[in-house]
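Beneath this line is the structure, given in structure tokens, with notes to follow.
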Amino acid sequence: MRVREVQWTNLHSTSARLDPDTDDRLTAAVNRTGQGIQGAWEEAINFFADQNGIPEEMPANADLELPSPAEYRTAGHGFARATVRLTTNTRARLAAVASRLGLGGSECIVEALNAWFDDLGIPGEYDRDKVFERPTLYSTGARLDDATRKRVKTAADQTGNGLQGVWEEAINAYASRCGVPETMPKGAEVTLPTPRKAKSSGGPKPASVRLTENTRARLVAVCVQQSRTGGEVIAEALNDFCDHLGIPRPE
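In structure tokens, the structure reads:
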């Protein structure tokens, strides 16, 4: 067992969606070790980080943002959302191991928990393919002026969601204000209207992220509704989102 001095300040709220088997194994591990859920998560994440060569003590400026661009969707039903508050060093190690393995934050937590359960001999099985499935992602671009790009970067730093997360939130918030359904029907159009011919040089620089299928479909619906290009809608949605966060527009 790891022995670490508990620090009750600067804890970081961290969430994951647990499938029924993982949830049952977590209950069994808590009963066996008597550590409580937070203690179990701390032990599991640090154990998993050790297995994957992550330094035991992370530097003071270590990245605490959990990867999300390729976050898996949960498959099936009956998943429980669980949240604990991790110490700074454990959160940094989680971010590091998730980044190293190319996992989303939630998926990495589930992987770590089950690896620790296996080490403890907790009964149960974990089949990753039955728990997670990769979403279909669509590369989506827009030409953003320097001011918008700076505001979006500030929003990413402020929310901790990364650029893809900011684009997703901004587009979905804008689509909701435009009356587009929150969940698009299966088979909804995901092809963006053909943009007008861009200038050959100068002007705003291109930026792109990979959007989830539902967000892409909602973006297309707004474009059709307003007879605008994807780039125009994205730029406005991003600036509206930054306005909502109180990020000032440059004078």
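For the sequence shown, counting from 1, position 153 maps to 196 in this note's numbering; every step adds exactly one.
Positions of the beta carbon are idealized from the N, C-alpha and C atoms, including for glycine.
Residue range of the beta strand (DSSP E) that includes P228: Careful: P228 lies outside any beta strand (DSSP E) and carries neither H nor E.
Whole-angstrom distance between T130 and A155, CA atom to CA atom: 16 Å
Sequence-distant residues of its chain with Cβ nearer than 7 Å to N257 (five each side left out): T226, M227
Selection from V252, G222, A218 that minimises the alpha carbon distance to Y181: V252
Contact check, F122 vs D64, beta carbons under 7 Å: no
Helix, strand or coil at L281 according to DSSP, with G and I counted as helix: helix
L37 and A135 closer than 7 Å at C-beta: Because the chain is modelled from 44 through 294, residue 37 falls outside the range shown and cannot be assessed.
Cβ pair I88, L137 closer than 7 Å: yes
Strand pairing of G184, partner residues [DSSP]: S251
Own chain, CB closer than 8 Å to F90, minus 5 neighbours either side, in chain order: R45, A155, A158, W159, D162
Host alpha helix (DSSP H) of R87 (start-end): Correcting the residue type first, residue 87 is Ala in the shown sequence and not Arg. From DSSP, the alpha helix (DSSP H) with A87 extends over 79-94.
Buried or exposed (CB count within 10 angstroms, at least 16 for buried), C285: buried
Exposure label - V267; buried when at least 16 CB within 10 Å: exposed
Inter-residue CB distance, T183 and G273 (contact presumed, cutoff 8 Å): 7 Å
G148, buried or exposed, once every other Cβ within 10 Å from all chains shown has been counted against 16: buried
Sub-7 Å separation of V153 and Q81 beta-carbons: no
Buried or exposed by the 16-neighbour rule on C-beta atoms within 10 Å, applied to N282: buried
Assigned exposure category for T132 - 16 Cβ within 10 Å defines buried: According to the sequence as given, residue 132 is Asn; it is not Thr. So N132 ends up on the buried side.
Own chain residues within Cβ distance below 6 Å of R68, not counting five before or after: F160, I165, G167
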